[in-house]
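Chemist: Sequences listed follow chains A and L, in order. For the first sequence, position 324 (counting from the first letter as 1) is numbered 323 according to numbering that gives the first Met the number 0, and the numbering increases by one without interruption. For the second sequence, position 823 (counting from the first letter as 1) is numbered 822 according to numbering that gives the first Met the number 0, and the numbering increases by one without interruption. One structure is given below, represented as structure tokens, and several questions about it will come after.
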Amino acid sequence: MDLTTKYMGLELKNPIVPGASPLSQTVDSVKRLEDEGASAIVLYSLFEEQLSHDQGELDHYLSFGAESFAEAVNYFPSVEEFKTGPVEYLEHIANLKKAVGIPVIGSLNGVSKGGWVEYAQNMEQAGADAIELNIYYVATNPDLSGSEVEAMYIDTIKAIKEKVKIPVAVKIGPYFTSISNMAKKMDEAGADALVLFNRFYQPDFNLDDLSVESNLMLSSNWELRLPLRWISILYGNVKANLAATSGVHNSLDVVKTVMAGADITQVASALLLEGSGKVNSLIKGVAEWMEEKEYSSISQMKGSMSQKSCSEPAAFERANYMKMLNSYKPQI
Amino acid sequence: MERKKITIDGNEAAAYVAFNASEVIAIYPITPSSGMGEMSDAWAAAGKKNIWGTIPSVSELQSEGGASGAVHGALQSGSLTTTFTASQGLLLMIPNMYKIAGELTSAVFHVSARSIAAQALSIFGDHSDVMATRQTGFAMLCSGAIQEVMDFAAISHKATLEARIPFLHFFDGFRSSHEVGKIEQLTQEDIKSLIDDDKVQEHRKRALSPDNPFIRGTAQNPDVYFQGRETVNRFYDACPEIVQKSMDQFAKLTGRQYNLFDYYGAEDAKHIVVMMGSGAETAEETVEYLTKQTGEKIGLVKVRLYRPFSIKHLMEAFPATTEKIAVLDRTKEPGATGEPLYLDVVSALVDNMSSDNAKFAKMPKIIGGRYGLSSKEFTPAMVKAVYDELKKDAPKNGFTVGINDDVTHTSLEFDNSFTTIGNDVFQGLFYGLGSDGTVGANKNSIKIIGEETDNYAQGYFVYDSKKSGSTTVSHLRFGEKEIKSTYLIQSSKFVGCHQFGLLETFDVLETMQEGGTFLLNSPYSKDETWNHLPKTVQESIITKKLKFYVIDGYAVGKKTGMGTRINTIMQTCFFYISNILPQDEAIEKIKGAIKKTYSVKGDEIVQKNYAAVDETIANLFEVNYPSEITSTIEKPPVVPANAPDFVKETLALMIKGKGDDVSVSQMPVDGTFPSATTQWEKRNVALEVPAWDEETCIQCGKCALVCPHAAIRIKVYGEELLASAPETFKHTEAKGKEFAGMKYTIQTAVEDCTGCGICIDVCPAKNKSEVKLKAINMVEQLPIREQERVNYDFFLNIPEFDRTKLKLNTVKGSQLLEPLFEYSGACAGCGETPYVKLVSQLFGDRTIIANATGCSSIYGGNLPTTPWAVNGDGRGPAWSNSLFEDNAEFGFGFRLSIDKHNEYAKELLVSLAGTVGEDLVDGILNADQSDEVGILEQRERIAALKDKLSGNNSADAKHLLSLADYLVKKSVWIMGGDGWAYDIGYGGLDHVIASGKNINILVMDTEVYSNTGGQMSKATPTGAVAKFAAGGKPTGKKDLSMMAMSYGNVYVAKIAMGANDVQTIRAIMEAEAYDGPSLIIAYSHCIAHGIDMSKGLQNQKAAVESGHWPLFRFNPDLLDMGKNPLKLDSKAPTISFADFAYKENRFKMLTKSHPEEAKQLLTIAQKEVTKKWAYYEQLAKLEYSENEK
């Protein structure tokens, strides 16, 4: 049985790729994932905002209170060099490249065009096999139009593609008025893959101390529906590869994403919940299902239930909603 | 050889040579020398090597006494060793200095000379300290200019090896140690070529070694000690020539010729001044001016080598025409026939004139005088006054210059308008706040001009005495000629005022020349600014025909992400309009300097500063002002009209920066000052202040408890008092049955608040309709200033609540007590002062405090105004600071005295029972003074006693009357920081707690020497970065509490207000109640932790939650009840050490500078914390009951 798949030119032994999560923070944990069968690894995200915050924080606090009082013209020893750039992250990429055989995909979340390009180049130099751009932008400014926001995405992709040679995937959220159009534009801008979809941390309220909290909620299985729909719709309509993420919790989910047209399936919450051994059970489960249903390869399955290929193309569109409404019978 | 021109301060110049020419460096922080040790440590941490290619070993000791011992040891075992110190530190080194010199040991001590604490401490410069060591046998070489500091440092290191006499190389504290100047840097090769390696090896050969054993340090007896002491004479005889030879060799190398005594002035001068140090630079400038301009026959002898004092070389330096000599000393020796240098010159002249080859036909007239104590200004006008005095037939001996001595009339008059600097020198003055980065910007400007152009540059920076909202004045000079003006700018071409508010306090245009340029950072637009200027400022601008530029620096700062640090913005303005450099070139150079300064912290910071530069130019405007004054704005009075006379006449002068005008008669003779004077200095430093929302408030009292400046007050009072309340005075119903029917007010002293915001952080109540609001919220100060001034006055006049009726062991109860420590100059958000204030609230009316030198002695006792206050009955804390090292012993002395007074008073009482009455005597002797009611009743008895004794003229009755107050319980508190308690004062602290006496010790543990700028102490935790621990402290924090507990009879508590405020209050009350020694160690967050000071209490909480700072109380009284004396007041760690540590940049910075070490040290620190917690937990679980015994 052939479980191999191709993602942005990378030959992968199966479609199961651990997505960006804390599991990629140490060499040991990545090695364990490799041992369990992971075909590649997407690293946790490097946040430009965090780096610039760290620099600003260091600058502020090391000079705070300085030059104010004759006895204490400053409060910290002078340091010749601070490693304020993404040194640790890049060293991690380099270390992983030495320690594991699977492709290593760096993940980047930038805020400025300069930052996106610089850090993407840094990752390439550090040995990353590909880069996943983790683009999200919560547009709160009422004067900023949707097309301006979209242009920022496209400009970022173009700028990076101009400067790096390794493949570039783009992970986006679902909050676009026209995802198809957006996907097309990103495809044209040179994205080698689209990763659908990013999950945002939604704030919660703590009623004890009346504060707003942002904490990680792991994905649930039902969240798979959204990527499933859009991968199905986009499959065959874009050159870029497609990766499914959000809500992949069992092997049948993997099968579904592949059938929708995903080249790989990224798993994170399931691994955080059940440990790295989950990778192996997913692979086994997919293989067993394929054997039972007599599929010979992933490529045979890929896109087999996409909008183009399935017998109910309208199900992915508005009719889907209407049908669901019709099928709903109130319980009395 | 081409040498680098660099702009550095004197400390760096000395440290550079010392580091290069030493193998071992033993240090201890003391202002103004700390920078030398800090740089040495930082260079060693960065792997820099000395001239022999090895990294010197740099170690911090527990005191200067310790440092000098380590120096002595390192020298005796053969290392080339140096140290850096000043003032009290140098005094602590004296015993070892005798030893080092007595043993003819080559060594160099670099000293930034500073005043000695006498009637008061002073951190500033004079020769009091070095003059106290002139008898030790050290050679003493004195530098004046910054170039000389580097040059003489090198000459010292060379000469000591050849002479075998140790050298004390000194230069004036602050004026030379902190002045930034352009100099030619000696190369490592230069230093190498000066120092003779053979001599180094001889030095090593003289070392103690088991391979070549001998003993040194014997005890000698009457038979030989004297002779032994005389053996060294020939070395001292030879030393001056060796130094001169070294100077000659140095001249060949660098072209700079120095002599033991250098002469400047007319060849045929009749009147000569002899002096040394930075003041001699000003004297040289004045002599040059006067001889050129007026042809005066005057001259100056600069003393370089003060010890051994070479009569021969001095006499050679005097011109043959000399008739009169004035010797200037920068020190005071009360009771002597003259100051040291004067006496040396007198004896040299007598020696020469009574010899066969007398230099002069007639003995010159010689007078001595004092100048410049504690960095007192020494200007050309003062130099001229000395020469003018010499012109008189009977010039004054023992004169002073620079002050107005209207008591003993020693002072010379001088004409302040006399100046010597021409227009070829650019002089600029910059007024700013410490927090706005003005000084940093000016240091950068000097570097740009000094290092990127052919100009000479000089910068000197004056800070005020407060740690929050402090004002800075930068004095910058540039010119083609070498700058010798070692005094503040008296006439400026450029004035930058970086804070609009300062126009109200200072006459910033006082020194401005006609046609000069005035740059103002104004919150108003170019067109509006003029009308907001005070009248006097408009007048100066018009009459002096100034070019006037404005920029809204804060708006540019906000736009470019620079926030309130407007350094880059104002610096850009300065270069853009001062024409020192062509504009384009100036901008390019500023950007270059930005890259150099900030790239270490990341490109983001560099870009932000670049953006600020570009944005600045677009927002800088010249103001076209009218030719008439339009303003009616008058400057407010410095202190209110109802202030006491002493405050109005003396302290007010200091507050407005005119302290130099205070005359001798205005100063107390013995260092005694009135309490409670901060109330008269309304500083208005906060842009935003807390405002109370009485609807949301739950009346917990936390805001008042944590306020570092006692600027939030609470009162509960009867409703009838509101009848005369101002309209905007806020109040609500008091909560709690004990206050039924009463009113409650929380009032902010908006003019005293520093705006730290710590009260907002601690407030637990949230507004139900808008949760971002609390019961106390920040509002802009200016719009409510007047209104709240009236409200606060009204509030202060509401009577205090009866303290005998309060539950003092609660936050709510304790915060209704009047604070007797208020509005100090501590940092905004200080972590120490809330503890100090709490002690003042609980026991202030019967407390006497010994305060170790450090932050608490500075915010507690630095003039002009001081925070220890007085209550309505005229009682309040009696406070004093002795030294850094002896504070526990100092407080112990208080206890001895009070106990003795109490004992004697009781004896007298018994003997006078017949007169006083048995009942009253019994009542007094058997009084229970364990609570406020008991204290009050005893005070009433003492009042009755005094009544009975008044008019009784017997000796016993008079004695008893003078001691009667000691029959009321007194509370002795010994306060200080960790530098004192863990390091320099530990020996004394240990002895005092072992005494069993009833004393209370409060250690405010900031885990670092805060006052001197963040040097490592033994309280610094593993992995924290501090000065002297640039690579992270590799060893653990000393467990002082465990050491104290080992005595068994010492009450010990560890507290952290931010983690458990009730435990804090209880511990302080238990400690005071305990009839024996008590030690409270209080976690005090600090600006030196690199934290958000408005959230400091959260850091305290995290320190406790991580187990780094377990809370506990160890009460020996519990032992008597068969209970375990140790009670843990905090839970087992709930967060990791990293979760605490990485909230603070003192730990976090190591992850950016030394990531690997940071990881290792974090692991070690976590292990230490875990282990320590387990140990305490086990101790707290031990069973102490009788049965178990």
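Built from N, CA and C at the ideal position, the CB exists for glycine as well.
Does the pairing of the stretch 54–68 of chain L with the stretch 18–29 of chain L give three or more beta-carbon distances under 8 Å?
Modeler: Result yes; three or more Cβ-Cβ pairs closer than 8 Å.
Chemist: Name the residues in the stretch 92–112 of chain A whose C-beta lies less than 8 Å from a C-beta of chain L; which are they?
Modeler: Result list empty, no residue passes.
Chemist: Give me whichever residues DSSP pairs with F166 of chain L in a beta bridge.
Modeler: To locate residue 166 of chain L, count along the second sequence from 1; it is residue 167. Answer is L:V107, L:A138, bridged to F166 of chain L.
Chemist: Give every residue of the same chain whose Cβ lies closer than 6 Å to the Cβ of H531 of chain L, excluding the five residues on either side of it in the sequence, and list them in chain order.
Modeler: For this step, residue 531 of chain L is matched to residue 532 along the second sequence. Y523.
Chemist: Can you name the start and end residues of the beta strand (DSSP E) that D1073 of chain L belongs to?
Modeler: As a working mapping, residue 1073 of chain L is identified with position 1074 in the second sequence. The displayed chain sequence assigns Tyr, not Asp, to residue 1073 of chain L. From DSSP, Y1073 of chain L is part of no beta strand (DSSP E); its letter is neither H nor E.
Chemist: Please check the pair K466 of chain L and A825 of chain L, which I expect to be a contact at CB under 8 Å, by giving their CB distance rounded to whole angstroms.
Modeler: For this step, residue 466 of chain L is matched to residue 467 along the second sequence. For this step, residue 825 of chain L is matched to residue 826 along the second sequence. Sure, about 6 Å apart at Cβ, within 8 Å.
Chemist: Is the Cβ of S77 of chain A closer than 8 Å to any Cβ of chain L?
Modeler: Walking along the first sequence from the start, residue 77 of chain A turns up at place 78. Cβ-Cβ to chain L under 8 Å: yes for S77 of chain A.
Chemist: What three-state label does DSSP hand L686 of chain L in the structure shown?
Modeler: The residue you call residue 686 of chain L lines up with position 687 of the second sequence. Coil, per DSSP.
Chemist: Can you tell me which of the three DSSP states N999 of chain L falls into?
Modeler: Taking the second sequence and counting its residues from 1, one reaches residue 999 of chain L at position 1000. Residue state, collapsed to three classes: strand.
Chemist: Can you tell me whether F225 of chain L is buried or exposed? The criterion is at least 16 other CB atoms within 10 Å of its CB, across all chains shown.
Modeler: Along the second sequence, one-based indexing puts residue 225 of chain L at 226. Exposed, since its Cβ has fewer than 16 Cβ neighbours within 10 Å.
Chemist: Return the CA-CA distance between F793 of chain L and W42 of chain L, expressed in angstroms with no decimal places.
Modeler: Taking the second sequence and counting its residues from 1, the one referred to as residue 793 of chain L is at position 794. Taking the second sequence and counting its residues from 1, the one referred to as residue 42 of chain L is at position 43. Using only the alpha carbons, I get a separation of about 57 Å.
Chemist: Which value, in whole angstroms, describes the spacing of the CA atoms of I428 of chain L and A610 of chain L?
Modeler: Residue 428 of chain L sits at position 429 when you count from the first residue of the second sequence. Residue 610 of chain L sits at position 611 when you count from the first residue of the second sequence. With the sequence shown as reference, residue 428 of chain L is identified as Leu, and Ile is not the correct amino acid for it. When rounded, the distance between both Cα atoms is 26 Å.
Chemist: Using the Cα positions of T914 of chain L and E939 of chain L, report the straight-line distance between them to the nearest angstrom.
Modeler: Translated into positions along the second sequence, residue 914 of chain L becomes position 915. Translated into positions along the second sequence, residue 939 of chain L becomes position 940. So the two alpha carbons sit approximately 18 Å from each other.
Chemist: Contact criterion: CB-CB distance below 8 Å. Does G458 of chain L meet it with respect to chain A?
Modeler: Position 459 of the second sequence, counting from 1, holds the residue named residue 458 of chain L. It does not; no Cβ of chain A falls within 8 Å.
Chemist: Just list the residues that DSSP pairs C699 of chain L with in beta bridges.
Modeler: Within the second sequence, numbered from 1, the residue matching residue 699 of chain L stands at position 700. According to DSSP, which records beta bridges pairwise, C699 of chain L is partnered with nothing at all.
Chemist: Between V110 of chain L and chain A, is the shortest Cβ-Cβ distance under 8 Å, so that the two count as touching?
Modeler: As a first step, residue 110 of chain L is located in the second sequence; it is residue number 111 there, counting from the start. Closer than 8 Å: no.
Chemist: Say whether chain A places a C-beta atom closer than 8 Å to the C-beta of K3 of chain L.
Modeler: Here residue 3 of chain L corresponds to residue number 4 of the second sequence, with the count starting at 1. Judged by the 8 Å Cβ criterion, K3 of chain L is not in contact with chain A.
Chemist: Per DSSP, what kind of secondary structure is N351 of chain L in: helix, strand or coil?
Modeler: Here residue 351 of chain L is taken as the residue at index 352 of the second sequence, counted from 1. N351 of chain L falls in the helix class under three-state DSSP.
Chemist: Measuring alpha carbon to alpha carbon, tell me which of L:G294, L:D189, L:M511, L:I145 ends up nearest A250 of chain L.
Modeler: For the purposes of this step, residue 250 of chain L is taken as the residue at position 251 of the second sequence. For A250 of chain L, the nearest C-alpha among the options comes from L:D189.
Chemist: With DSSP as the reference, identify every bridge partner of S76 of chain L, one or two as the case may be.
Modeler: Locating residue 76 of chain L in the second sequence gives position 77, counting from the first residue. S76 of chain L is not bridged to any residue.
Chemist: Given that a residue counts as buried once 16 or more other Cβ atoms are within 10 Å of its Cβ, and exposed if not, what is W867 of chain L?
Modeler: Here residue 867 of chain L refers to the residue found at position 868 when the second sequence is read from its first residue. Its Cβ being crowded by 16 or more others within 10 Å, W867 of chain L is buried.
Chemist: Would you call the CB atoms of V195 of chain A and T244 of chain A closer than 8 Å?
Modeler: Numbered from 1 along the first sequence, position 196 holds the residue referred to as residue 195 of chain A. Numbered from 1 along the first sequence, position 245 holds the residue referred to as residue 244 of chain A. In the sequence as presented, Val is not what sits at residue 195 of chain A; that position holds Leu. Cβ distance < 8 Å, so L195 of chain A and T244 of chain A count as in contact.
Chemist: Mind pulling the alpha helix (DSSP H) runs of 4 or more residues that sit fully within the stretch 537–605 of chain L?
Modeler: Entirely contained in the stretch 537–605 of chain L, the alpha helix (DSSP H) runs reaching 4 residues are, in chain order, 552–558, 566–577, 582–597.
Chemist: Compute the Euclidean distance between the alpha carbons of D53 of chain A and G1013 of chain L, then round it to the nearest angstrom.
Modeler: By one-based count along the first sequence, residue 53 of chain A stands at place 54. By one-based count along the second sequence, residue 1013 of chain L stands at place 1014. One C-alpha to the other measures close to 22 Å.
Chemist: Taking Cβ-Cβ distances below 8 Å as the criterion, which residues of the stretch 36–58 of chain A are in contact with chain L?
Modeler: So the list reads L50, S51, D53, Q54, G55, E56, L57, D58, given in the order they occur along the chain.
Chemist: Identify which residue in A:S144, A:S296, A:Q306 has its Cα closest to the Cα of K5 of chain A.
Modeler: Position 6 of the first sequence, counted from the start, is the residue given in the question as residue 5 of chain A. Checked all of A:S144, A:S296, A:Q306; the closest Cα to K5 of chain A is A:S296.
Chemist: Give me, in chain order, the residues of the same chain whose beta-carbon lies closer than 6 Å to that of E63 of chain L; leave out the 5 immediate sequence neighbours on both sides.
Modeler: For this step, residue 63 of chain L is matched to residue 64 along the second sequence. Only Y27, T84, G88, L91, M92 meet the Cβ criterion.
Chemist: Go through its chain and collect everything with a Cβ distance to H410 of chain L's Cβ below 6 Å, but skip five positions before and after it.
Modeler: If you number the second sequence from 1, residue 410 of chain L lands on position 411. The sequence shown places Ser at residue 410 of chain L, not His. Closer than 6 Å at Cβ, skipping near neighbours: T399, I402, N403, D404.
Chemist: Give a yes or no on whether 8 Å exceeds the smallest Cβ distance from S295 of chain A to chain L.
Modeler: Indexing the first sequence from 1 puts residue 295 of chain A at position 296. So, not an interface residue.
Chemist: What separation, rounded to the nearest whole angstrom, lies between the Cα atoms of G18 of chain A and A267 of chain A?
Modeler: Position 19 of the first sequence, counting from 1, holds the residue named residue 18 of chain A. Position 268 of the first sequence, counting from 1, holds the residue named residue 267 of chain A. Answer to the nearest angstrom: the Cα atoms are 5 Å apart.
Chemist: What residues from chain A crowd round S434 of chain L, counting only those whose CB sits closer than 7 Å?
Modeler: For the purposes of this step, residue 434 of chain L is identified with residue 435 of the second sequence, where counting begins at 1. Near S434 of chain L (Cβ distances below 7 Å), the residues of chain A are S67.
Chemist: Based on Cα-Cα distance, which residue from L:L772, L:A651, L:S354 lies nearest to E694 of chain L?
Modeler: Position 695 of the second sequence, counted from the first residue, corresponds to residue 694 of chain L. Of the candidates L:L772, L:A651, L:S354, the one whose C-alpha sits nearest the C-alpha of E694 of chain L is L:L772.
Chemist: Assuming the contact rule is C-beta atoms closer than 8 Å, N1048 of chain L and P1115 of chain L should be a hit. Round their C-beta distance to whole Å, please.
Modeler: Translated into the one-based positions of the second sequence, residue 1048 of chain L becomes position 1049. Translated into the one-based positions of the second sequence, residue 1115 of chain L becomes position 1116. About 5 Å separates the two Cβ atoms, so the contact holds.
Chemist: L815 of chain L and V715 of chain L: beta carbons closer than 8 Å?
Modeler: As a working note, residue 815 of chain L is residue 816 in the second sequence. As a working note, residue 715 of chain L is residue 716 in the second sequence. Yes, the Cβ-Cβ distance between L815 of chain L and V715 of chain L is below 8 Å.
Chemist: Quick one: grab the DSSP three-state call for C496 of chain L.
Modeler: Taking the second sequence and counting its residues from 1, the one referred to as residue 496 of chain L is at position 497. In this structure, C496 of chain L counts as strand in the three-state DSSP scheme.
Chemist: Can you check the stretch 201–259 of chain L for any alpha helix (DSSP H) of at least 4 residues that lies completely inside it and give the ranges in chain order?
Modeler: Counting only runs of 4 or more, we get 224–229, 232–253.
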